[in-house]
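Asker: Pasting a structure below so you can have a look.
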Ligand SMILES: [Zn+2]
């Protein structure tokens with residue numbers, strides 16, 4: 028783990044907030060809490076990365092777009108296929124629907140061309 032502001036590893040534990048461990052950077056005095064249950068990027072961003080990959084963008088391109096390591100993108104794609112390779116559970120419906128709508132939008136865009144979508 029690094030300081031979220033200056034990436035320094037020189038930090039100390041600094042009490043608790045809402046039962047979460049709080050840390051304080053010794054270099055820049057920035058304080059933050061680490062939530063182990065919800066680490067990483069929001070699920071919408073992960074779904075978007077998978078969506079881009081499914082439509083032909085390379086992992087390198089996506090990693091540059093989202094400022095994330097290509098290995099992380101690969102992990103998201105693997106997780107996504109593990110979760111959605113079987114019939115979706117109720118709480119995953121929203122993501123599937125959203126991706127489907129985006130796909131229809133792109134198809135429309137391809138059919139009509141950019142002018143058709145803008146008019
Ligand atoms: Zn710092």
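In my numbering, the protein residues as written are 28 to 146.
Every residue, glycine too, gets a C-beta built ideally from N, C-alpha and C.
Please report the residue range of the beta strand (DSSP E) in which residue 41 lies.
Answerer: Looking up residue 41 in the chain shown gives position 14. Looking at the DSSP string, the run of the beta strand (DSSP E) that includes residue 41 is 38–44.
Asker: Go ahead and pull the three-state DSSP assignment for residue 58.
Answerer: In the chain shown, residue 58 corresponds to position 31, counting from 1. Residue state, collapsed to three classes: strand.
Asker: Could you check whether residue 47 and residue 36 sit closer than 8 Å to each other, using their CB atoms as the reference points?
Answerer: As a working mapping, residue 36 is identified with position 9 in the chain shown. As a working mapping, residue 47 is identified with position 20 in the chain shown. No, the pair does not count as a contact, with Cβ atoms beyond the cut-off.
Asker: Leaving out the 5 sequence neighbours to the left and right, which residues in its chain are closer than 8 Å to residue 58 when beta-carbon positions are compared?
Answerer: Here residue 58 refers to the residue found at position 31 of the chain shown. Cβ neighbours of residue 58 beyond the five flanking positions: 41, 49, 50, 51, 52.
Asker: Would you mind stating whether residue 100 and residue 90 have Cβ atoms separated by less than 8 Å?
Answerer: As a first step, residue 100 is located in the chain shown; it is residue number 73 there, counting from the start. As a first step, residue 90 is located in the chain shown; it is residue number 63 there, counting from the start. Cβ atoms of residue 100 and residue 90: closer than 8 Å.
Asker: Following a CB-centred definition, is residue 40 positioned closer than 7 Å to any heavy atom of ligand 1?
Answerer: Here residue 40 is taken as the residue at index 13 of the chain shown, counted from 1. Not so, every heavy atom of ligand 1 lies at least 7 Å from the Cβ.
Asker: Is it the case that the CB of residue 57 approaches a heavy atom of ligand 1 more closely than 7 Å?
Answerer: Taking the chain shown and counting its residues from 1, the one referred to as residue 57 is at position 30. Result yes, Cβ under 7 Å from ligand 1.
Asker: Just the Cα atoms here: how many angstroms apart are residue 39 and residue 81?
Answerer: As a working note, residue 39 is residue 12 in the chain shown. As a working note, residue 81 is residue 54 in the chain shown. Approximately 42 Å between the Cα atoms of the pair.
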